[in-house]
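Trainee: Just passing along the structure, written as structure tokens.
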DNA sequence: CAAATATACATAATTTTTTTATGCATCAAA
DNA sequence: TTTGATGCATAAAAAAATTATGTATATTTG
């Protein structure tokens, strides 16, 4: 039983948006599996966090939805809107700044080229 | 007016602990100034988050407090306990995992040596 | 073939962690 | 003398998760 990686709160939307940017369109369950696969099980997106997040981003105009029936089961495919693409870029910059700042705090002697 | 860097929720305690590990002991206000200085104003630790966090870590046995009067003003110096040192190490590992996983998600083509 | 597991969505209650808004007090500088 | 910096603190609200459920279909396994 591998130890579960904590997900810093606020990073979930960034993860979702970035995956959608890469994959074009994805459905909820697919996103949870993709994250698990990429991180080799270290990160786990819970459905209780995922679905409300998707609904909110849709309400905010960042995502478009398209329903699909596959093997008798419903899938809701999400993709970025134009506004969502911009938001993704903005969130990526924030993530990079966060990582850079954290690394500076954590490793103050390290010289970084930016 | 520079744009304020968002602080992912959950990272505050890690920041505080890592600074205490480096500096030996610090007081609250000093921590806010140090973070501002290191990140060149990009990150701002609010006092409404800082003081409750310090109190909680003290209650959890991660920090020891020592009062001091300087220039007629009270300072509360915090330092890591033995248990706090362990917790700092553990939180640092979590941070490194988080960063590594986020970079893998964000830049899936990049090959990293770990 | 029955039961367990995987797929696929969803929501409600709770918890965690922060922001925002205050409040009090001392000291230095303008 | 009043403004800004220093230094602590708490309360209300907001944000964003976790945990616990619930429903339903498909597939695998004993």
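Residue numbers (UniProt numbering), protein chains in the order written: chain H, 1 to 114; chain Y, 1 to 114.
Backbone N, C-alpha and C define an ideal beta-carbon position, used for all residues, glycine too.
Since we're looking at a predicted model, the values are computed, not measured.
When the Cα atoms are used, what is the spatial distance from residue 68/H to residue 26/H?
Mentor: Distance between the alpha carbons of residue 68/H and residue 26/H is about 11 Å.
Trainee: Using beta carbons (cut-off 8 Å, strictly below), is residue 4/H in contact with chain Y?
Mentor: Residue 4/H does not count as touching chain Y.
Trainee: Does any C-beta atom of chain Y lie closer than 8 Å to the C-beta of residue 88/H?
Mentor: Output row for residue 88/H: interface = no.
Trainee: Once DSSP output is grouped into helix, strand and coil, what is the label at residue 51/Y?
Mentor: Residue 51/Y falls in the helix class under three-state DSSP.
Trainee: Please report the residue range of the beta strand (DSSP E) in which residue 42/Y lies.
Mentor: First-last for residue 42/Y: undefined, no H or E at that position.
Trainee: Going straight from the alpha carbon of residue 78/Y to that of residue 96/H, what length do you get?
Mentor: One C-alpha to the other measures close to 30 Å.
Trainee: Drop a sphere of 10 angstroms on the beta-carbon of residue 35/H, count the other beta-carbons inside from all chains shown, and report buried for 16 or more, exposed for fewer.
Mentor: Its Cβ being crowded by 16 or more others within 10 Å, residue 35/H is buried.
Trainee: Look at the alpha carbon of residue 109/H and the alpha carbon of residue 23/Y, and state the distance between them as a whole number of angstroms.
Mentor: Approximately 14 Å between the Cα atoms of the pair.
Trainee: Decide if residue 101/H is buried, meaning its Cβ has at least 16 other Cβ atoms within 10 Å, or exposed.
Mentor: Buried: at least 16 other Cβ atoms inside 10 Å.
Trainee: Under three-state DSSP, which class holds residue 80/Y?
Mentor: DSSP places residue 80/Y in strand when its eight states are reduced to three.
Trainee: Can you give the beta carbon distance from residue 32/Y to residue 45/Y, rounded, assuming they're within the 8 Å contact cut?
Mentor: Between residue 45/Y and residue 32/Y the Cβ distance is about 5 Å, and since that is below 8 Å, they are a contact.
Trainee: Pull up the distance between the alpha-carbon of residue 19/Y and that of residue 82/Y, whole angstroms please.
Mentor: Cα to Cα, the separation comes out at about 15 Å.
Trainee: Per DSSP, what kind of secondary structure is residue 95/H in: helix, strand or coil?
Mentor: DSSP places residue 95/H in helix when its eight states are reduced to three.
Trainee: Could you pull the DSSP bridge partners for residue 74/H from this structure?
Mentor: Residue 74/H is bridged to 69/H.
Trainee: With hydrogens ignored, establish whether the beta-carbon of residue 69/H is closer than 7 Å to any heavy atom of the ligand FMN.
Mentor: Here there are no bound small molecules, and the ligand FMN is not part of this structure.
Trainee: If you run the structure through DSSP and keep just helix, strand and coil, what is residue 19/H?
Mentor: In the structure shown, residue 19/H sits in a helix (DSSP, three-state: H, G or I).
Trainee: Would you verify that the beta carbon of residue 51/Y is, or is not, closer than 8 Å to some beta carbon of chain H?
Mentor: No, residue 51/Y lies away from the interface with chain H (no Cβ there is under 8 Å from its Cβ).
Trainee: Got a sec: is the Cβ-Cβ distance from residue 1/H to anything in chain Y below 8 Å?
Mentor: The pLDDT assigned to residue 1/H is 45, lower than 50, so where the model puts this residue is not dependable; a value taken from the coordinates is nonetheless given after this. Not an interface residue.
Trainee: Please classify residue 59/Y: is it buried, with 16 or more other beta-carbons within 10 angstroms of its beta-carbon, or exposed?
Mentor: With fewer than 16 Cβ atoms within 10 Å of its Cβ, residue 59/Y is classed as exposed.
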